[in-house]
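Novice:
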Amino acid sequence: MEPQRKRRKTEESDTFLWEVLPVLSEELSQGIEFLQAYAAPIINKKDTSHLVKKLAAMYPLEGLQHIKRVRACRDKHSPHPLEIIVCLASDLNSKEEGGTIPSITALLHNSESDCTGLGEPFLVQIPAFPPLTRPQFEEASRHWPTSFHEDKQVTVALKGELFSKDEKATMQKYMEQAIEAAKAGKEEGMASVGALIVDPDIDAVLAVAHDCRNSPNPLLHAVMVCIDLIAHGQGGGAYNYKKYPACHFVPTDASHYLANDNSLPSVNLSSLEQATESGLPYICTGYDLYVTREPCVMCAMALVHSRIRRVFFGVISSDGALGTKYKIHTKKDLNHRFEVFKGVMEQDCQKLSQL
Amino acid sequence: MVYNNEILGRGRNEVNETKNATRHAEMVAIDQVLEWCHCNDKDPGDVFERTVLYVTVEPCIMCAGALRLLRIPLVVYGCKNDRFGGCGSVLDIPADDLPQTGAPFKCISGYRAEEAVEMLKMFYKQENPNAPKSKARKKD
Ligand SMILES: [Zn+2]
Ligand SMILES: [Zn+2]
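In the order they appear, the protein sequences are chains A and B.
The numbering used here puts the first residue of the first sequence at 1, with every later residue one more than the last.
The numbering used here puts the first residue of the second sequence at 1001, with every later residue one more than the last.
Right, here's the structure in full:
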């Protein structure tokens, strides 16, 4: 489901021609599923609490705690102001039904005394799962009242209002550098894709890369180059990029920090130590990646292995693995998850493919 | 990596030496094939299309993506990789519909799987002695 953008644009987004939107997990971004249920009018309002108790015992609606059992009748002129869910359609033995709506007596096991107080049943759709986002809540509520525990952060993010003007200016500054790198790569005969890894805590660029797939190694996509440049900066690395001056890194190994003593805040040093002390080089812990287009599945998984913090990309790609074909960053089975945002300087990034 | 009955590349995990978390055995072996192509004046595209990868553990999602991009036709592996496996365990990259990501490939699994599992256990023990026990067990 596409996030709704009906709200008038705020002052902040007016100065940018692009909007940054989160790439959320399937369960947050999908439409909602419904179950069929039988509801019936409550003839006398005074019986409501008695009927709720009786039906809850007879048909407990297990796993549907988000469903409100009673709702106000939508027809204002109805003689019965309240309606109640009797049971799920699946609670009945379907063979007996043959597609027609059963009588209230049949629903209540032909027990004459229990039927008093309820009108004839009708079919309704009720949401199968609790809504997780405001759009899901609104869709659910159109069918049957549902409780909703709003995650304000998700609501704000879906409206494209998660980031301040200053934060968007920072994103633009970084993405402009990725676009420059992409252009430099194109000059070298590569795909026009650029990437950048930054340490957001100190607002510093640590590595800039462009695609190198037309070098002897076809797997050197911009993201793979960028990750390897970070490894170089930490005293490792697998490839040599001397031929490509637009691919460069800033040394970030602990000895460098110590030599330059006060030049960088200690927050970064400690996170670096945490990453290396474990014996595993989770080299991108705490870092953000900016890339002009959505990474492929190889690059997306390389970012999981490298423990990236967040990814910002410009345009989607047809086999992209951070939203289009897969959502690698939200997969619960993997041991690292990260946030992904799309749309940063979307049009400028789009233009790169026409170079 | 075997081409015309000749081993062109033989890799092992080099993540620690390179401080690059993407240096899995497959990626290292691929680089050796590329080097061989360079030295023998062969087109890597032609060579990879006729090369079989033998690997002890199911390639991860990243490596499976790389193998697709190179159009390797066949991968033979020992045991499954429940944590990262990209050839059926977590995702099925060789079979999925990814027209812009090289070509689909075939997999043969289970060859000497028990030994592969033992080796993997040893590897994780060495790799990270601080890893919680429960996590270490999860991956067999
Ligand atoms: Zn890629
Ligand atoms: Zn791998």
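We put the beta carbon where it would ideally sit given N, CA and C, even for glycine.
1. Which bits of chain B does residue 238/A rub up against, with CB to CB less than 7 Å?
2. Hey, which unbroken runs of the alpha helix (DSSP H) at 4 residues or more fall wholly within the stretch 99-185 of chain A?
3. Whose beta carbon lies closer than 6 Å to any heavy atom of ligand 1, going through the chain in order?
4. Once you ignore the five residues that flank residue 296/A on each side, which residues in its own chain have a CB closer than 8 Å to its CB?
5. Which runs of the beta strand (DSSP E), 3 residues or longer, sit entirely within the stretch 203-262 of chain A?
6. Excluding the 5 residues flanking residue 1061/B on each side, which residues of the same chain have their C-beta closer than 7 Å to its C-beta?
7. Could you say if the stretch 153-166 of chain A and the stretch 181-191 of chain A meet the contact criterion of at least three C-beta pairs nearer than 8 Å?
8. Going by other Cβ atoms of all chains shown within 10 Å of its Cβ, with 16 needed for buried, is residue 1051/B buried or exposed?
9. Roughly how many whole angstroms lie between the Cα atoms of residue 1099/B and residue 1018/B?
10. Between residue 302/A and chain B, is there a C-beta pair that is closer than 8 Å?
11. Could you check what DSSP says for residue 356/A in three-state terms: helix, strand or coil?
12. Within 8 Å of any Cβ in chain A, is that where the Cβ of residue 1100/B sits?
13. Would you mind giving the Cβ-Cβ distance between residue 1033/B and residue 1009/B, rounded to the nearest angstrom? I have them listed as a contact below 8 Å.
14. Tell me whether residue 72/A sits in a helix, a strand or coil according to DSSP, three-state version.
15. Residue 234/A versus chain B: which residues are under 8 Å apart at the beta carbon?
16. Could you spell out where the alpha helix (DSSP H) holding residue 39/A opens and where it closes?
17. So, using beta-carbon positions, are residue 20/A and residue 291/A closer together than 8 Å?
18. So what's residue 280/A in DSSP terms, helix, strand or just coil?
19. With the cut-off set at 8 Å, would you say residue 337/A and residue 313/A are in Cβ contact?
20. Would you call residue 123/A buried or exposed, if buried means 16 or more other Cβ atoms sit within 10 Å of its Cβ?
21. Beta-carbon distances below 6 Å to any heavy atom of ligand 2 define the shell here; list its residues in chain order, please.
22. To which residues of the same chain is residue 129/A closer than 7 Å at the C-beta, ignoring the five residues directly before and after it?
23. Mind the definition here: the stretch 1110-1122 of chain B touches the stretch 1063-1079 of chain B only if three or more C-beta pairs lie below 8 Å; say whether that holds.
Specialist: Taking the coordinates as given:
1. Those are 1018, 1020 and 1023, listed as they occur along chain B.
2. Correct list: 104-107, 134-141 and 152-158.
3. Result (chain order): 221/A, 223/A, 295/A, 296/A, 298/A and 299/A.
4. Excluding residues within five positions, the ones whose Cβ falls inside 8 Å are 221, 317, 319, 320 and 321.
5. You should have 204-210.
6. Beyond the five residues adjoining it in sequence on each side, residue 1061/B comes within less than 7 Å, by CB distance, of 1084, 1086, 1090, 1091 and 1093 in the same chain, given in chain order.
7. The stretch 153-166 of chain A is not in contact with the stretch 181-191 of chain A.
8. With 16 or more other Cβ atoms within 10 Å, it is buried.
9. Distance between the alpha carbons of residue 1099/B and residue 1018/B is about 32 Å.
10. Output row for residue 302/A: interface = yes.
11. No answer is possible for residue 356/A: it lies beyond the span of chain A, which begins at 1 and ends at 355.
12. Yes, contact with chain A.
13. Taking 8 Å as the upper bound for CB-CB distance, residue 1033/B and residue 1009/B are in contact here, some 4 Å apart.
14. The answer is strand: DSSP assigns residue 72/A an E or B state.
15. For residue 234/A, the residues of chain B that pass the 8 Å Cβ criterion are 1019, in the order they occur in the chain.
16. Here residue 39/A belongs to no alpha helix (DSSP H); instead the beta strand (DSSP E) covers 34-42.
17. Inclusion of residue 20/A and residue 291/A in the CB contact set at 8 Å is not warranted, their separation being larger than that value.
18. In this prediction, residue 280/A scores a pLDDT of 46, lower than 50, which makes its location untrustworthy; no coordinate-derived value is stated.
19. Result no, Cβ atoms of residue 337/A and residue 313/A do not sit closer than 8 Å.
20. It counts as exposed.
21. Qualifying residues come out as 1024/B, 1026/B, 1059/B, 1060/B, 1062/B and 1063/B.
22. 32 and 33.
23. Taking 8 Å as the limit for Cβ pairs, the verdict is that the stretch 1063-1079 of chain B does touch the stretch 1110-1122 of chain B.
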